[in-house]
Amino acid sequence: MSNTYKSAGVDKEEGYKTVDKIKKAVGETHNSNVLNHLGSFGAFYEIGGYRNPVLVSGTDGVGTKLKVALDTKKYDSIGVDCFAMCANDILCHGAKPLFFLDYLACGKLDSEIAAEIVLGMVEACKDNNCALIGGETAEMPGMYQPGDYDVAGFCVGIVEKDQIIDGSKIKAGNKIIALPSSGFHSNGFSLVRKVFPDFEEEFEGKPLYETLLVPTRLYYKDIHKVLEEIEVSGIAHITGGGLYENVPRIIPEGLCASIDGSKIRIPSVMLELEKRGGVAREEMFGTFNMGVGMVIVVDAEHAEKILHLLDDAYEIGEITEGAEKINLKF
């Protein structure tokens, strides 16, 4: 019997089935700016209506949160996570997402699983007025074991050059506003899995995996609702490294983000992990978002308006003068 690509572990037909299952749904994310469809070698997106446009791009993956999804066979939220981790980053600069591309790698492709992951991306794209215009599915036996998947994405957004938010306008006296996370989002899952090895255990009346797999919150509508009415000085997406690593990225030299940790509303699952794992509070804040998914820095006079615009936003500190870019007191 002669060798074939299929006998080597790659089933092209399963790839074709995946495309068939997602093609219609992906097309629903397209608008008049998308000039071609799935199947081309490249995706075309026409830009218009801007005076001095700047493209803002971001790329990320889901990390080992995928293990929770794969072990429990719950794939619907992972696509949302992938999109959110990319799109939330570009929001920090005031950009609106234009289009998204995904990359899905696996050991043996299952079109049902692949389609479920991509359809999660579709729903997230729709929520953010963003077009899913392309992607790649790679079946790589030998590199990945059967049942293993990895997911990554790439998002491109746009902002007028004179409206870019980069933290340079932050000054002493500005208020720091927190937007709650929906949970762990997609960071720190190596530690999560070590402390919580049994995803099926009951937590607050339901299987733990349901809490762990709550998708990363999408902040597009919240951020642009604020930007339409208020000039914002800085925005930080709180991902890996928590507040300690992400807030300093937007703080100018000579200034410090003074944050009152006692004001932060820490999710119960994170408090349980801290207790059960014997994890120090500082380590928790240096690994997880601890309930804060986004931080907005704004003039004190506008802080109250943000709290009015966004029902669940709350103040956690202010900008002060100082050599260290963050001072987080518990």
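So for the sequence shown, my numbering puts the first residue at 99; every next one is plus one.
Ideal placement from N, C-alpha and C gives every residue a C-beta, glycine not left out.
What is the DSSP secondary structure of M388, counted as helix, strand or coil?
On the sequence shown, residue 388 is found 290 positions in, with the first residue counted as 1. Of the three classes helix, strand and coil, the one that applies to M388 here is coil, per DSSP.
Grouping DSSP H, G and I as helix and E and B as strand, with all else coil, what is S155?
To locate residue 155, count along the sequence shown from 1; it is residue 57. Here S155 sits in strand by DSSP.
Looking at D187: is its Cβ nearer than 9 Å to the Cβ of T385?
In the sequence shown, counting from the first residue as 1, residue 187 sits at position 89. In the sequence shown, counting from the first residue as 1, residue 385 sits at position 287. Contact: no.
So, helix, strand or coil for Y412, using DSSP?
Looking up residue 412 in the sequence shown gives position 314. Y412 falls in the strand class under three-state DSSP.
CB contact below 9 Å: L199 versus chain C:
Absent from the structure is chain C; it holds one protein chain and no more.
Can you check the segment 268-292 for any beta strand (DSSP E) of at least 3 residues that lies completely inside it and give the ranges in chain order?
273-278
Which residue marks the beginning of the beta strand (DSSP E) containing V257, and which one marks its end?
Mapped onto the sequence shown, residue 257 falls at position 159. From DSSP, the beta strand (DSSP E) with V257 extends over 247-258.
For S175 and L311, which I take to be in contact (beta-carbon distance under 8 Å), what is that distance rounded to the nearest angstrom?
As a working note, residue 175 is residue 77 in the sequence shown. As a working note, residue 311 is residue 213 in the sequence shown. Indeed they touch by this definition, with Cβ atoms about 5 Å apart.
Roughly how many whole angstroms lie between the Cα atoms of N226 and A182?
Mapped onto the sequence shown, residue 226 falls at position 128. Mapped onto the sequence shown, residue 182 falls at position 84. Looking at the two C-alpha atoms, the distance is approximately 9 Å.
Using the three-state DSSP reduction, which class does D320 fall into: helix, strand or coil?
For the purposes of this step, residue 320 is taken as residue 222 along the sequence shown, with counting starting at 1. D320 falls in the helix class under three-state DSSP.
Count the other C-beta atoms from every protein chain shown that fall within 10 angstroms of the C-beta of Y247, then say buried if there are 16 or more, exposed otherwise.
As a working note, residue 247 is residue 149 in the sequence shown. So Y247 ends up on the buried side.
Residue from T157, D179, G156, L153 whose Cα sits closest to the Cα of K163
Within the sequence shown, the letter at position 65 stands for residue 163. Cα-wise, what sits closest to K163 is D179.
What number of angstroms, rounded off, separates the C-alpha of A250 from the C-alpha of I120?
Sequence index remark: in the sequence shown, residue 250 carries index 152 (1-based). Sequence index remark: in the sequence shown, residue 120 carries index 22 (1-based). Distance between the alpha carbons of A250 and I120 is about 17 Å.
Nearest candidate by alpha-carbon position, reference L371, set K319, F282, G359:
On the sequence shown, position 273 is the one that residue 371 refers to. Nearest of K319, F282, G359 to L371, Cα basis: F282.
Please say whether L153 and D200 have beta carbons closer to each other than 9 Å?
Taking the sequence shown and counting its residues from 1, one reaches residue 200 at position 102. Taking the sequence shown and counting its residues from 1, one reaches residue 153 at position 55. No. Outside cutoff.
What is the DSSP secondary structure of A334, counted as helix, strand or coil?
Walking along the sequence shown from the start, residue 334 turns up at place 236. In the structure shown, A334 sits in a strand (DSSP, three-state: E or B).
Bridge-paired residues (DSSP) for L91
With the chain running from 99 to 428 in the structure shown, residue 91 is simply not present.
What is the residue span of the alpha helix (DSSP H) that A193 lies within?
Walking along the sequence shown from the start, residue 193 turns up at place 95. Where A193 is concerned, there is no enclosing alpha helix (DSSP H), given that its DSSP letter is neither H nor E.
Residues near A436 in its chain [Cβ-Cβ closer than 8 Å; skip 5 each side]:
In this structure the chain extends from 99 to 428, so residue 436 is not present and cannot be described.
Could you pull the DSSP bridge partners for T235 from this structure?
Stepping through the sequence shown from its first residue, residue 235 is reached at position 137. T235 is bridged to L202.
Taking the alpha-carbon positions, what's the K194 to T102 distance?
To locate residue 194, count along the sequence shown from 1; it is residue 96. To locate residue 102, count along the sequence shown from 1; it is residue 4. Using only the alpha carbons, I get a separation of about 45 Å.
Is it right to say L353 is buried, meaning 16 or more other beta carbons lie within 10 angstroms of its own, or is it exposed?
The residue labelled residue 353 in the question sits at position 255 within the sequence shown. Result: buried.
Which residue wins for smallest C-alpha separation from V395, given the options R347, K373, N285, E422?
Locating residue 395 in the sequence shown gives position 297, where the first residue counts as 1. The candidate whose alpha carbon is nearest that of V395 is R347.
Taking just the CA atoms, how far does I414 sit from F197?
Walking along the sequence shown from the start, residue 197 turns up at place 99. Walking along the sequence shown from the start, residue 414 turns up at place 316. Rounded to the nearest angstrom, the two C-alpha atoms are 33 Å apart.
Same chain only: Cβ atoms within 8 Å of S266, ignoring 5 sequence neighbours per side:
Working through the sequence shown from its first residue, we reach residue 266 at position 168. Only P350 meet the Cβ criterion.
Contacts around A141, its chain only, beta-carbon distance under 8 Å, and the 5 residues preceding and following it disregarded:
Translated into positions along the sequence shown, residue 141 becomes position 43. Counting only Cβ-Cβ distances below 8 Å, and skipping sequence neighbours, we find V132, N134, F197, L199, I231, G232.
Beta-carbon within less than 7 Å of A270's beta-carbon, same chain only, minus the 5 sequence neighbours each way: which residues are those?
Counting from 1 along the sequence shown, the entry for residue 270 is found at position 172. Here the set comprises L353, I417, T418, E419.
Rounded to a whole number of angstroms, what is the C-alpha to C-alpha distance between V108 and M238?
Counting from 1 along the sequence shown, the entry for residue 108 is found at position 10. Counting from 1 along the sequence shown, the entry for residue 238 is found at position 140. Cα-Cα distance, rounded: 7 Å.
Count the other CB atoms within 10 Å of the CB of H406; is the residue buried (16 or more) or exposed (fewer)?
As a position in the sequence shown, residue 406 is number 308, starting the count at 1. So H406 counts as exposed.
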